[in-house]
Amino acid sequence: MSGMLRRVRGLPLRSRLALLVAVAVAAAVAAVAVTCWFITRNQLYGQLDNDLRSQVGSLNQNRQVIPIQSCPDTGMRGIPGPTIQVINSDGTVCTLRGKSAIPAQPSDLAVADGTSDQALHTTDDDKGRAMRVLTVPVTGPGNERVHGVAVSLANPLDEVTKPLTTLAWVLLLVGGIGVLGATAAGLWIARTGLRPVDKLTDTVEHVARTEDLTVRIPVEGDDEIARLSASFNSMTASLASSRELQQQLIADAGHELRTPLTSMRTNIELLTRSEETGRAIPPDDRKALMASVKAQMIELAALIGDLQELSRTGLNGNDGPLKVVSLHDTVRTAIERARLRGPELTIEAELAPWYVRAEPAALERAIVNLLDNAVKFSPEKGTVEVRLMRGSLTVRDHGPGIPADELPYVFDRFWRSPTARALPGSGLGLSIVARTVEANGGEVALAAADGGGTVAAMRLPGAPTPPPEIIP
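Residues in the sequence shown are numbered from 1 upward in steps of one, following the UniProt record's numbering.
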């Protein structure tokens, strides 16, 4: 059984569907055929028994008690009709009409003895032919029962078995034709129904073989196959977009890495050539070269760190499980870190309680990036204003501001304003902010502030009070 199941599982899907249809139709046809055969059988047996009972009624109207010992030849033995014979209680049988005698059965003797009123059974005559036998008691002129004698009437079962055999062959033939037709229909239905799946399979194999993500499957209708095709098209579009973003990230990262590496290589080559030729570089120039190498190393390390954070967060902007986070405490911690980066700056903070659901480390990193951006562009001994009210965080600096035509690009990866390329940075900080905020259902924007400078506005969904399960 298990081996057969394994063989069935190894068949193609369309073959399994056709086989399933054929088995289902075969089972239905078999159930109908067997039911029809048994109903017909019962009806034929009932009709045969009724014929015997009607013959008994006709016999009772003009019956004569015949001496069983002499068993005379009445001349009726060759006449067509049911076999009639008289049965004595001692088991002897006198056949009045019929071609061969039927041996008396115990139920027949019970009727002759008077212990039973009727016997209906099936038995074989002396020639081995199956007979349906009805045995009833013999009554006298006054309807008194004659003990020791019974009369049997019998009809051959051929009247039932031949039609039943013919019916069985007809049902078998019709059922077989039906099963074959159902199998053919199942194959056609499977082939037609799975044609879209074949197209989908061919497309998937093509994508796997060529890595061509521009292929699309035509979507027809709104059934499950159409939904599967639409989902596949959506998946390939997302993969193509992801690949494009990945390629763009690699290209942008290579471009950004090339600048500090080129500068470092030039400076190091100058220092190496000075050592090899013995021509000393003036102390001021050497100091400037070393400072440049150090600055380029710091910039390179910052760029690599931002790339690592970007790779950890992936597409969703988070690198850990979400938790209920106290946004005001997170902002306060980020402000302390920002003060270390710009000790000469004044950071004014007004923080109202607000709780959000986010990944703590990713959220803190995003807020630190916002504050770092404000610190970097603030003038010496300037002021950075931080305000958190009902989930809306604003960070305002008093720096040179961002031109209006550059605002649409501030959250792009590696984008840096032409006026800010001399400042340290990788161009990934605000991109990480945007991805983290959007991943947590919020929004962020930069705009020019009234009176000069830039204001960054970030809003996250949440509540002014923590959930009950975390209230101490």
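Beta carbons: idealized from backbone N, C-alpha and C, even for Gly.
Range covered by the alpha helix (DSSP H) that runs through residue i
i, result
"residue 477", "One cannot answer for residue 477 here, as it falls past the ends of the chain, which runs 1 to 472."
"Ala434", "429-439"
"Ala334", "327-341"
"Leu200", "195-210"
Status (buried if at least 16 other CB within 10 Å, exposed otherwise) for residue i
i, result
"Asn316", "Residue confidence for Asn316 is low, a pLDDT of 46 falling below 50, so the modelled location carries little weight and cannot support an answer."
"Val174", "exposed"
"Tyr409", "exposed"
"Pro196", "buried"
"Phe377", "buried"
"Met290", "exposed"
"Gln296", "buried"
"Ala456", "buried"
"Met235", "exposed"
"Ala31", "exposed"
"Asp158", "exposed"
"Glu211", "exposed"
"Gly278", "exposed"
"Pro464", "exposed"
"Ala184", "exposed"
"Thr166", "exposed"
"Ala280", "exposed"
"Leu446", "buried"
"Asp284", "exposed"
"Asp108", "buried"
Neighbourhood of residue i by C-beta distance below 8 Å, restricted to the same chain and skipping five residues each side
i, result
"Pro468", "none"
"Asn155", "Leu48, Asp51, Leu52, Pro82, Thr83, Met131, Arg132"
"His328", "Leu351, Ala352, Pro353, Trp354, Leu388"
"Val331", "Ala349, Leu351, Ile367, Val386, Leu388, Leu393"
"Lys127", "Lys99, Ser100"
"Ala110", "Ser116, Ala119"
"Thr219", "In the sequence as presented, Thr is not what sits at residue 219; that position holds Val. Once the five neighbours on either side are set aside, the close Cβ partners of Val219 are Ala226, Ser229, Ala230, Asn233."
"Val160", "Arg41, Leu44, Tyr45, Leu48, Arg132"
"Asp113", "Ser89, His147, Gly148"
"Thr122", "Ala130, Met131, Arg132, Val133, Leu157"
"Arg337", "Val368, Leu371"
Extent of the continuous beta strand (DSSP E) run through residue i
i, result
"residue 479", "Given a span of 1 to 472 for the chain in the structure shown, any question on residue 479 remains unanswerable."
"Ile87", "83-88"
"Ile347", "346-351"
"Ala457", "454-459"
"Ala445", "443-448"
"Thr214", "It is not in any beta strand (DSSP E) - Thr214 carries neither H nor E in the DSSP assignment."
"Glu385", "383-389"
"Leu393", "392-396"
Supposed contact pair residue j and residue i - C-beta distance, whole angstroms, cut 8 Å
i, j, result
"Ile102", "Ser152", "7 Å"
"Gly429", "Asn369", "4 Å"
"Ala22", "Gly186", "6 Å"
"Ser292", "Asn267", "5 Å"
"Leu194", "Ser229", "Actually they do not touch by this definition, with Cβ atoms about 13 Å apart."
"Arg396", "Asp372", "Rounded, the Cβ-Cβ distance is 15 Å, inconsistent with contact."
"Ala448", "Gly401", "5 Å"
"Val356", "Pro461", "7 Å"
"Val179", "Val25", "6 Å"
"Leu322", "Glu359", "6 Å"
"Ser431", "Asp412", "7 Å"
"Leu271", "Leu239", "Not quite, the Cβ-Cβ distance comes to about 47 Å (not below 8 Å), so this is no contact."
"Thr436", "Ala362", "5 Å"
Own chain residues within Cβ distance below 6 Å of residue i, not counting five before or after
i, result
"Thr95", "Gln85, Ala101"
"Arg459", "Gly391, Ser392, Gly442, Glu443"
"Asp125", "Ser100, Ile102, Met131"
"Thr346", "Thr383"
"Ala182", "Val21, Ala22, Val25"
Below-8 Å beta-carbon distance, residue i vs any chain B residue
i, result
"Ala448", "This model lacks chain B altogether; it includes just one protein chain."
Residues near residue i in its chain [Cβ-Cβ closer than 7 Å; skip 5 each side]
i, result
"Val136", "Val56, Val111, Gln118, Ala150, Val151"
"Pro163", "Leu44"
"Ile217", "Lys199, Leu200, Thr203, Ser229, Phe232, Asn233"
"Cys36", "Leu171"
"Gly453", "Arg396, Asp397, His398, Gly399, Gly401"
"Arg339", "Ile347"
"Val375", "Ala338, Arg341, Gly342, Leu345, Val384"
The ligand NAP heavy atom lying under 7 Å from the CB of residue i
i, result
"Ser152", "Among the ligands in the structure shown, none appear at all, so the ligand NAP cannot be discussed."
Whole runs of the alpha helix (DSSP H) within the segment 97-130, excluding any shorter than 4 residues: Listed in chain order, the complete alpha helix (DSSP H) runs (minimum 4 residues) inside the segment 97-130 are 106-113.
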